[in-house]
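Student: Would you mind keeping the following structure in view while I ask a few things?
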Amino acid sequence: MILYLHDTPYKVRNEVAANIDNIDTVELVESCLVNNKNLMLSADDGYKSVINLLPLLEKYNVRLLFFVTTGLIEKTVYPYEVEISNFLEKNSSCKYSGETLELEGAQEKDDFFKALHQRLKYLSLEQRDYLVHNFFSENGTNRNQYQKNVFMTWDDLLQIKQHPLVEIGSHCVSHIFLPSQTIADIYYELRESKERLEEKLECKVTKLSYPYGGNDLKVRLLARLAGYKEAYGTHNKKSKAMNQARIGIRALI
Ligand SMILES: [Zn+2]
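Residue numbers for the sequence shown follow the numbering used here, beginning at 29 and rising by one.
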């Protein structure tokens with residue numbers, strides 16, 4: 029069984045109000061490892077905090093597949109989920125499509141984040157950037173100030189790649205939902221991220237995890253064509269080479 033993780037801090041920061049579903053503490057991961065045999069870990073996106081998992085790999089002799097979004101590492105793609113989460117942490121109201129929304133508690137913020145995220149998820153990179161940019165302009169603020177330094181650098185990746193229990197895979201360039209993109213864009217996302225990782229880290233990259241788990245027949249064929257041997261989804265029940273099942277931590281605890 030393969031567990032999928034994202035941000036893995038030691039503690040959930042008190043001020044976190046949104047995107048809480050993508051935060052799994054080291055303590056939670058360890059309790060899963062204690063209670064479940066034959067687990068393998070995987071972590072998506074490229075969060076710096078994944079370094080915190082290394083002692084667990086050694087202690088429980090488990091492997092980690094680390095799926096990296098190259099645009100987030102190179103800062104060529106806006107980390108829109110981090111920007112919006114961070115904005116919501118710091119503000120208790122926001123303007124959205126001409127309305128002012130009161131977001132007093134963590135639940136309201138989380139609900140708003142999820143609704144906005146759902147709207148942005150299926151868009152192209154250009155459409156997503158345009159809408160997020162508009163959201164910040166409507167709120168009279170610049171998105172850049174809400175970026176935190178949460179993703180690894182190439183140097184960090186070179187270090188973690190040395191670990192015998194870690195394998196680096198791709199999580200595309202721009203973290204877009206592949207099935208709703210053009211064939212040219214899908215192939216670019218798959219091929220470019222693989223080549224970039226191989227060139228910068230000097231290793232073979234044959235594994236992929238689909239952003240948001242999104243894949244269909246066309247995406248899976250293009251992934252094969254781009255040179256991947258295995259690919260991972262999320263929540264999928266039937267497992268096959270190009271859409272292997274993974275499970276979220278909340279399904280296990
Ligand atoms: Zn992801």
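In this text, a Cβ means the ideal position worked out from N, Cα and C, and glycines have one as well.
Taking Cβ positions, are L84 and E55 nearer each other than 8 Å?
Tutor: If you number the sequence shown from 1, residue 84 lands on position 56. If you number the sequence shown from 1, residue 55 lands on position 27. Not in contact: L84 and E55 (Cβ atoms no closer than 8 Å).
Student: Grab me the residues of S4's own chain with a C-beta within less than 8 Å of its C-beta, minus the 5 sequence neighbours each way, in chain order.
Tutor: In the structure displayed, the chain extends from 29 to 281; residue 4 sits before or after that span and is not available.
Student: If V62 and Y108 are in contact, beta carbons under 8 Å, what's the gap, nearest whole angstrom?
Tutor: Here residue 62 is taken as the residue at index 34 of the sequence shown, counted from 1. Here residue 108 is taken as the residue at index 80 of the sequence shown, counted from 1. Going by Cβ atoms, the distance from V62 to Y108 rounds to 35 Å, so no, they are not a contact pair.
Student: Using the beta-carbon count (16 or more within 10 Å), is R278 buried or exposed?
Tutor: Against the sequence shown, residue 278 aligns to sequence position 250. Exposed, since its Cβ has fewer than 16 Cβ neighbours within 10 Å.
Student: Does DSSP put E122 in a helix, a strand or coil?
Tutor: On the sequence shown, position 94 is the one that residue 122 refers to. Here residue 122 turns out to be Cys, not Glu, going by the sequence shown. It is a strand residue.
Student: Is any non-hydrogen atom of ligand 1 found closer than 7 Å to the C-beta of H263, if you look at the structure I gave you?
Tutor: Reading the sequence shown from its first residue, position 235 is the one you call residue 263. Every heavy atom of ligand 1 is 7 Å or more from the Cβ of H263, so no.
Student: For K176, I'd like the list of residues in its chain whose CB is within less than 7 Å of its CB, leaving aside the five on either flank, ordered along the chain.
Tutor: Numbered from its first residue, the sequence shown carries residue 176 at position 148. Answer for K176: V110 and N114, listed in chain order.
Student: I believe T36 touches V78 by the beta-carbon criterion, under 8 Å. Please report the beta-carbon distance rounded to the nearest angstrom.
Tutor: Mapped onto the sequence shown, residue 36 falls at position 8. Mapped onto the sequence shown, residue 78 falls at position 50. 6 Å between Cβ atoms; contact.
Student: Does any heavy atom of ligand 1 sit closer than 7 Å to the C-beta of D138?
Tutor: Here residue 138 is taken as the residue at index 110 of the sequence shown, counted from 1. Not so, every heavy atom of ligand 1 lies at least 7 Å from the Cβ.
Student: When the Cα atoms are used, what is the spatial distance from Y88 to H34?
Tutor: Counting from 1 along the sequence shown, the entry for residue 88 is found at position 60. Counting from 1 along the sequence shown, the entry for residue 34 is found at position 6. Each residue's Cα considered, the two are about 20 Å apart.
Student: Span of the beta strand (DSSP E) holding D72?
Tutor: What you label residue 72 is simply residue 44 of the sequence shown in a count that begins at 1. Residues M68 to D73.
Student: What is the rounded straight-line gap between the Cα of P207 and the Cα of G261?
Tutor: Here residue 207 is taken as the residue at index 179 of the sequence shown, counted from 1. Here residue 261 is taken as the residue at index 233 of the sequence shown, counted from 1. One C-alpha to the other measures close to 13 Å.
Student: For I196, report the span of its beta strand (DSSP E) as first-last.
Tutor: Looking up residue 196 in the sequence shown gives position 168. Its beta strand (DSSP E) spans residues V194 to S198.
Student: Would you list the residues sitting across from T210 in a DSSP beta bridge?
Tutor: Here residue 210 refers to the residue found at position 182 of the sequence shown. DSSP output for T210 lists no bridge partner at all.
Student: Verify the contact flag: P239, CB atom, against every heavy atom of ligand 1, threshold strictly below 7 Å.
Tutor: Sequence index remark: in the sequence shown, residue 239 carries index 211 (1-based). Checking every heavy atom of ligand 1 against the Cβ of P239, one is found closer than 7 Å.
Student: Please determine if the stretch 215–222 and the stretch 249–256 are in contact, where contact requires at least 3 C-beta pairs separated by less than 8 Å.
Tutor: Segments in contact, yes.
Student: Going by beta-carbon coordinates alone, are D157 and Y106 separated by less than 8 Å?
Tutor: Here residue 157 refers to the residue found at position 129 of the sequence shown. Here residue 106 refers to the residue found at position 78 of the sequence shown. Yes, the Cβ-Cβ distance between D157 and Y106 is below 8 Å.
Student: What span of residues does the beta strand (DSSP E) with K235 cover, start to end?
Tutor: Along the sequence shown, one-based indexing puts residue 235 at 207. K235 -> beta strand (DSSP E) spans K235 to S237.
Student: Could you give the DSSP three-state label for A143: helix, strand or coil?
Tutor: For the purposes of this step, residue 143 is identified with residue 115 of the sequence shown, where counting begins at 1. If DSSP states are grouped into helix, strand and coil, A143 belongs with the helices.
Student: Need the endpoints of the alpha helix (DSSP H) that V105 sits in, please.
Tutor: Here residue 105 is taken as the residue at index 77 of the sequence shown, counted from 1. First-last for V105: undefined, no H or E at that position.
Student: Looking at the unbroken beta strand (DSSP E) that takes in Y240, where does it start and where does it end?
Tutor: Here residue 240 refers to the residue found at position 212 when the sequence shown is read from its first residue. From DSSP, Y240 is part of no beta strand (DSSP E); its letter is neither H nor E.
Student: Does the distance from the C-beta atom of D138 to that of I48 stay below 8 Å?
Tutor: The count along the sequence shown starts at 1 and reaches residue 138 at position 110. The count along the sequence shown starts at 1 and reaches residue 48 at position 20. Cβ distance < 8 Å, so D138 and I48 count as in contact.
Student: In the structure shown, what three-state DSSP assignment does D52 receive?
Tutor: Stepping through the sequence shown from its first residue, residue 52 is reached at position 24. DSSP places D52 in coil when its eight states are reduced to three.
Student: Below 7 Å CB to CB, which residues in the same chain sit around K39 once its five sequence neighbours on both sides are set aside?
Tutor: Here the question's residue 39 lines up with position 11 in the sequence shown. Excluding sequence neighbours, K39 sits near T53.
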